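For the sequence shown, our numbering gives the first residue as 33, with consecutive numbering after it. Glycine is no exception: its CB is placed at the ideal position from the N, C-alpha and C atoms. No experiment lies behind these values; they were computed from the predicted model shown.
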Amino acid sequence: MWWFFCRLTLLLGPPGCGKTSLLKALSGNLSPSLKVHGEVCYNGYKLDEFVPQKTSAYISQYDEHIPEMTVREILDFSARCQGVGIRLEMMEEVSRREKQAGIVPDPDIDTYMKAISVEGLRSNLQTDYILKILGLDICADTLVGDVMRRGISGGQKKRLTTGEMMVGPTRALFMDEITNGLDSSTAFRIVSCLQQMVHITDATVLVSLLQPAPETFVLFDDLILMAEGRIVYHGPRQHVLDFFMDCGFKCPERKGVADFVQEVISEKDQSQYWDSTQHVPHSYVSVEAFCNKFKASTYGKKLDEELAVPYDTKSQTNDTAISFNRYSLSKWELLRACSSREWLLMRRNSFTYVFKTVQLVITAVIAMTLFLRTRMDVDVVHANLYMGSLFYALIILVTDGIPELPMTIQRLEVFHKQKDLYFYPAWAYAIPASLLKIPISLLESLVWTCLTYYVIGYSPEAVRFFRHFLILFGVHLSSVSLFRFIASVYQTHVVSMAAGSFAILFLLMFSGFVIAKRKRLVCRGHFFLHLDSP
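Written as structure tokens, this is what we have:
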């Protein structure tokens, strides 16, 4: 299989024929556990010699976005993480040549080139350009939404998935059924935009579609037809009918070419396209027979000749098209980008944190009335009241971290997608998610301590007050981190809630309140369980 640059290629085939696997293999996104035969090379470089996920972009057929963010914010974040690529070098070279030739650049074009060449911006001019191309400018400031929040439509989400990768500097795009759920007019506009981008910027795009309309089909330069995991045809789009004519099949005048080539390789629909002028009865032509005929055809032989010529990496390769670095930004810029997004999400979910704080205040008032003792004697009876108030505080602060479960699970799919595309490393996502929760833990622990400490009748010394506050702060912070960890491990709501409930049960049972330490020491296996007390 030989794939030229500056070509817009259509990938057709029935469901289950291996289109997604082919796209993932070419973009370097196949699972490492799969056994793969053969090699994939970019300009003579093997996949293990560069970073294919940064050189190319795989656009999935699934729409995975954070529902609390707007369309513009998602594209801005994507553009910020993907960087500017070689745009800065191109702009500098163009400016140098214009000065040498005495050319005065067009102000609009010059402003646009300079704007898209600046790295690390929160808002990018390239975002506005992609928004207009994809028709998303009417909903640019609308939340993406989900089943619980009203947001953009399904077709707009599909276009957003495409624009998320188009906004970057990647020059090789692998798009998997990007027009599903879109009307024919929008699909035509998107493919027309891809055609212009390919021919103007020398990009390379492979698009998998199910049933493209005739006006959309003619926009493509090449066609790859797949069936049963094999390539039946790979060549110029306008020559595919000639190939099937040589095989004895004729496309009706009012039949779309895209529909014809997919039905003619089907055993059930093949007979209706047999050319009756040959005066030969039809017999089923298998996929393997089509593949053999393609190899023996002019197009197949030409492809074999091109593959037989060794590729000179040093003399023919343009290294600017290949990415050898995993991430486009520095570590500090990656941390800043993820921190700004996490802070934005916390502000969007401010109702949750305010509600939790109000709930905690109400619970603290209940605890104040339940354990109302301004001064207690030092005896067994009052010691049990102290123990009960501490146990109650432990339960409330541990369970206060449960809302982290659904919020973390909701963002895991987006995290894995962007991590696999090398938007950012895992630590750049985890550090802001942990650090920005510290003020919440401080506030809620301080609220509980200030409301309950002196009313219950603990020791009035200031040192003991702050010690009590720090202990509760540690309990709350560890609870938030625990539930975030559980959500990251189990990744589903049902299993994570079950595991979280078991973790709370385990902590409360062996933390010294329900079962005393001296009783646990009876069993040898329980010797170290008292160390898990939060």
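### Message
Taking 8 Å as the cut-off, does the region 442-454 touch the region 501-518 (at least 3 CB pairs, one atom from each stretch)?
### Response
no
### Message
Is it buried or exposed, K51, if we count other Cβ atoms within 10 angstroms and call 16 or more buried?
### Response
buried
### Query
Under 7 Å, do C323 and V264 count as touching if we go by C-beta distance?
yes
### Message
What residue range does the beta strand (DSSP E) around H266 cover?
### Response
The continuous beta strand (DSSP E) containing H266 extends over residues R262 to P268.
### Task
Tell me, please, which residues DSSP counts as bridged to I256.
In the DSSP output, where bridge partners are listed per residue, I256 has L43 and H266.
### Query
Just reading off the alpha helix (DSSP H) that D452 is part of, what are its end residues?
E436 to D452
### Task
Check whether the Cβ atoms of G42 and L255 lie closer than 7 Å to each other.
Checking the sequence shown, residue 42 turns out to be Leu, not Gly. It is a contact, given that the beta carbons lie within the stated cut-off.
### Task
Specify the secondary structure class of T236 as computed by DSSP and reduced to three states.
strand
### Task
Please report the Cβ distance between Y305 and C283, rounded to the nearest whole angstrom; I am assuming they are in contact, meaning their Cβ atoms lie under 8 Å.
7 Å
### Query
Which runs of the beta strand (DSSP E) spanning at least 3 residues fall entirely within the region 306-384, listed in chain order?
none
### Task
Reducing DSSP to helix, strand and coil, say where L504 ends up.
helix
#### Entry: Proximity below 7 Å, CB of Q58 to CB of F206
According to the sequence displayed, residue 58 carries Leu and not Gln. Closer than 7 Å, so yes.
### Identity of the residue in L377, D432 and Y490 nearest L404 by Cα
Of the candidates L377, D432 and Y490, the one whose C-alpha sits nearest the C-alpha of L404 is Y490.
### Message
Can you look up T102 in the DSSP assignment and give me helix, strand or coil?
### Response
strand
### Query
Given G187, which residues of its chain have a CB within under 6 Å of its CB, disregarding the five upstream and five downstream residues?
Once the five neighbours on either side are set aside, the close Cβ partners of G187 are G213 and L214.
### Task
Could you check if L553 is buried or exposed, using at least 16 other CB atoms within 10 Å of its CB as the buried criterion?
For L553, the predicted model reports a pLDDT of 46, less than 50, meaning its position is unreliable; a value from the coordinates is still stated below. L553 is exposed by the Cβ-count criterion.
#### Entry: When T233, F249, T202 and D234 are compared against R221, the one with the closest alpha-carbon
With distances taken between Cα atoms, R221 lies closest to F249.
### Task
Using the DSSP secondary-structure output, state which residues sit across from C49 in a beta bridge.
Bridge partners of C49: none, in fact.
### Message
Given this structure, state the Cα-to-Cα distance separating D234 from A458, to the nearest angstrom.
### Response
Approximately 33 Å between the Cα atoms of the pair.
### Query
Out of curiosity, what's the CA-to-CA distance linking K325 and C73?
If you draw a straight line from the Cα of K325 to the Cα of C73, it comes to about 26 Å.
### Query
Among K334, Q227, V390 and S298, which residue has its Cα nearest to the Cα of S318?
S298
### Message
Can you look up Y418 in the DSSP assignment and give me helix, strand or coil?
### Response
helix
### Query
Nearest to T194 by CA position, among V495, T218, D173 and R129, is which residue?
T194 has its Cα closest to that of T218, out of V495, T218, D173 and R129.
### Message
As a quick exercise: from V83, E476 and T159, pick the residue whose alpha carbon is nearest that of I428.
### Response
In terms of CA proximity to I428, E476 leads the group V83, E476 and T159.
### Query
Skipping 5 residues on each side, what residues in its chain have a beta carbon closer than 7 Å to that of P47?
By the criterion of a C-beta distance shorter than 7 Å, P47 is surrounded by no residue of its chain, once the five residues flanking it on both sides are discounted.
### Message
For W364 and T174, I'd like the C-alpha separation in whole angstroms.
### Response
30 Å
### Message
On the DSSP bridge list, what partners appear for L91?
### Response
The sequence as given places Ile at residue 91; Leu does not occur at that position. According to DSSP, I91 bridges with M207.
### Task
Identify which residue in K131, Y454 and L251 has its Cα closest to the Cα of F356.
Y454
### Query
Which runs of the alpha helix (DSSP H), 4 residues or longer, sit entirely within the region 163-214?
186-198
### Query
If you compare alpha carbons, which of D253, K333, Y522 and L426 is closest to H231?
Answer by Cα proximity: D253.
### Query
Using the C-alpha atoms, what's the distance from S382 back to I503?
The alpha-carbon atoms of I503 and S382 are separated by roughly 25 Å.
#### Entry: Alpha-carbon spacing of F423 relative to T440, whole angstroms
So the alpha carbons of these two residues sit roughly 27 Å apart.
### Query
Going straight from the alpha carbon of F275 to that of Q523, what length do you get?
49 Å
### Query
Does the Cβ-Cβ distance between L79 and Q227 come in under 7 Å?
The Cβ-Cβ distance between L79 and Q227 does not fall below 7 Å.
#### Entry: C-alpha gap between S399 and S421, whole angstroms
Looking at the sequence shown, residue 399 is not Ser but Ala. In a straight line, the C-alpha of A399 is about 7 Å away from that of S421.
### Query
Rounded C-beta distance between Y485 and F498? I'm assuming under 8 Å.
That pair is no contact at about 10 Å.
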